[in-house]
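Chains D and F, in that order, give the protein sequences. Positions 158 to 289 (our numbering) are the ones given, in order, by the first sequence. Positions 158 to 289 (our numbering) are the ones given, in order, by the second sequence. Ideal Cβ placement from N, Cα and C applies to all residues, glycine included. The structure displayed is predicted, hence computed values, not measured ones. A quick write-up on the structure given underneath.
There are 2 protein chains.
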Amino acid sequence: MLKLTRKVEYALIALRHMQTLKPRKLTSAKEIAEAYGLPQQLLAKTLQQMARDSIIEAVQGPSGGYRIMSDLDKISLKDFFEKLEGPLGIMDCYFDSDCIQLGACNIRTPIQRINENMREMFSKMSLREVTQ
Amino acid sequence: MLKLTRKVEYALIALRHMQTLKPRKLTSAKEIAEAYGLPQQLLAKTLQQMARDSIIEAVQGPSGGYRIMSDLDKISLKDFFEKLEGPLGIMDCYFDSDCIQLGACNIRTPIQRINENMREMFSKMSLREVTQ
DNA sequence: TTTAAATACGATAATTTTAGTCGTATTTAT
DNA sequence: ATAAATACGACTAAAATTATCGTATTTAAA
Chain D
158 MLKLTRKVEY
168 ALIALRHMQT
178 LKPRKLTSAK
188 EIAEAYGLPQ
198 QLLAKTLQQM
208 ARDSIIEAVQ
218 GPSGGYRIMS
228 DLDKISLKDF
238 FEKLEGPLGI
248 MDCYFDSDCI
258 QLGACNIRTP
268 IQRINENMRE
278 MFSKMSLREV
288 TQ
Chain F
158 MLKLTRKVEY
168 ALIALRHMQT
178 LKPRKLTSAK
188 EIAEAYGLPQ
198 QLLAKTLQQM
208 ARDSIIEAVQ
218 GPSGGYRIMS
228 DLDKISLKDF
238 FEKLEGPLGI
248 MDCYFDSDCI
258 QLGACNIRTP
268 IQRINENMRE
278 MFSKMSLREV
288 TQ
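So this is what it looks like as structure tokens:
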């Protein structure tokens with residue numbers, strides 16, 4: 158099924174929400190969570206991670222919150238996904254070495270080919286294309 | 158991470174193995190499981206499913222087994238993945254209707270755009286490209 | 001300068017999904 | 001008849017994901 162996690166889903170919802178606001182206007186995790194019925198704490202973690210990755214900016218204290226920081230045009234979906242979820246690929250034999258297979262595996266190369274195609278595809282799409 | 162399940166992994170290993178054999182030669186779940194250190198019963202289920210989908214052919218009885226049936230050039234990766242795992246997409250909001258979101262969701266359309274791109278990409282790759 | 005509302009984040013619990021096993025039936029070559 | 005294979009539903013185990021808890025820190029504003 159090739160699915161991404163909720164984290165990405167919440168991140169996209171939040172970004173899309175922020176884009177509807179006036180530039181530099183802050184919005185809080187609570188606000189977004191209530192608006193879309195998301196679990197606030199989990200959403201908050203996602204927002205915190207995006208802040209660490211400089212996709213958004215966090216402002217602490219009361220009347221603090223988050224706002225978009227980067228130019229979303231300049232962030233590829235590949236980078237976005239990988240920042241939130243780690244390396245992109247249909248199977249992990251590409252990066253993790255402790256595969257069950259010792260040397261018997263016969264699909265490593267073809268899998269890598271698929272993975273490269275996927276990465277290329279998501280490299281060509283910008284985050285803005287998705288959030289706008 | 159966008160990962161596929163073991164089912165697909167085992168299916169690919171099995172197909173690739175069959176391709177190394179003489180055409181029409183049968184191989185059993187046991188044989189493949191032992192050769193690659195896979196759980197035999199689970200592999201068998203995957204083979205059975207591929208047989209139901211007419212990708213391979215099953216022959217019962219002792220000295221029975223499986224062999225490739227379809228022209229793998231004619232099966233797209235999209236069809237292959239969807240046969241084994243159901244609809245292809247990075248999130249299921251496309252097909253499943255019981256989403257948490259009532260009408261508040263703001264990312265359905267962009268998600269569908271990504272999903273379409275993915276399906277298109279996998280439509281263009283044949284199963285043979287991967288197993289050969 | 002106290003309070004309250006927000007972010008920050010590690011730890012843990014709950015849930016869901018995936019992976020694997022078991023048991024039994026059926027088929028069929030020998 | 002027997003044995004080796006496929007077929008498959010039911011169940012268990014393990015892993016991954018999702019969500020919550022608890023606490024610390026920051027800081028605007030009363």
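For residue i, which residues of its own chain have a beta-carbon under 6 Å away from its beta-carbon, when the five flanking residues on both sides are left out?
i, result
"E214(F)", "R224 and M226"
"K164(F)", "T203 and L241"
Where residue i and residue j are concerned, what is the direct C-alpha to C-alpha distance, given to the nearest angstrom?
i, j, result
"E276(D)", "G246(D)", "The sequence shown places Arg at residue 276(D), rather than the Glu named in the question. Whole-angstrom Cα-Cα distance: 8 Å."
"T162(F)", "K160(D)", "11 Å"
"M278(D)", "M175(F)", "31 Å"
"F237(D)", "L284(D)", "7 Å"
"V216(F)", "G222(F)", "5 Å"
"Q269(D)", "N263(D)", "12 Å"
"D253(D)", "K187(D)", "Confidence in D253(D) is poor, its pLDDT being 48 and thus under 50, which makes the residue's placement unreliable; the coordinate value appears in the next sentence. Cα to Cα, D253(D) sits roughly 37 Å from K187(D)."
"S280(F)", "Q206(F)", "21 Å"
"E273(D)", "I232(F)", "20 Å"
"P244(D)", "P219(F)", "45 Å"
"M282(F)", "S211(D)", "36 Å"
"A190(D)", "I271(D)", "36 Å"
"D249(D)", "L183(F)", "30 Å"
"A125(D)", "E286(F)", "Residue 125(D) falls outside the range modelled here, since chain D spans only 158 to 289, and no answer is possible."
"G194(F)", "S185(F)", "14 Å"
"A261(F)", "A261(D)", "49 Å"
"P196(F)", "P196(D)", "38 Å"
Sorted by chain position, which residues of the same chain lie with C-beta nearer than 8 Å to residue i's C-beta, five sequence neighbours on each side aside?
i, result
"R181(F)", "R224"
"T288(F)", "L169, L172, R173, Q176 and L229"
"A192(F)", "H174"
Name, in chain order, the residues that DSSP records as bridge partners for residue i.
i, result
"A215(F)", "Y223(F)"
"T184(F)", "Y223(F)"
"S233(F)", "S283(F)"
Take the Cβ of residue i as the centre, count every other Cβ of all protein chains shown within 10 Å, and call the residue buried at 16 or more, exposed below.
i, result
"M235(F)", "Reading the sequence as shown, one finds Lys at residue 235(F) and not Met. Buried, by the Cβ-count rule."
"L178(F)", "exposed"
"T266(F)", "exposed"
For residue i, which residues of its own chain have a beta-carbon under 7 Å away from its beta-carbon, when the five flanking residues on both sides are left out?
i, result
"E239(D)", "L245"
Task: Stretch pair the stretch 188 to 208 of chain F + the stretch 159 to 176 of chain F: three plus CB contacts closer than 8 Å - done: In the pairwise beta carbon analysis, the stretch 188 to 208 of chain F is classified as touching the stretch 159 to 176 of chain F: at least three pairs are separated by under 8 Å.
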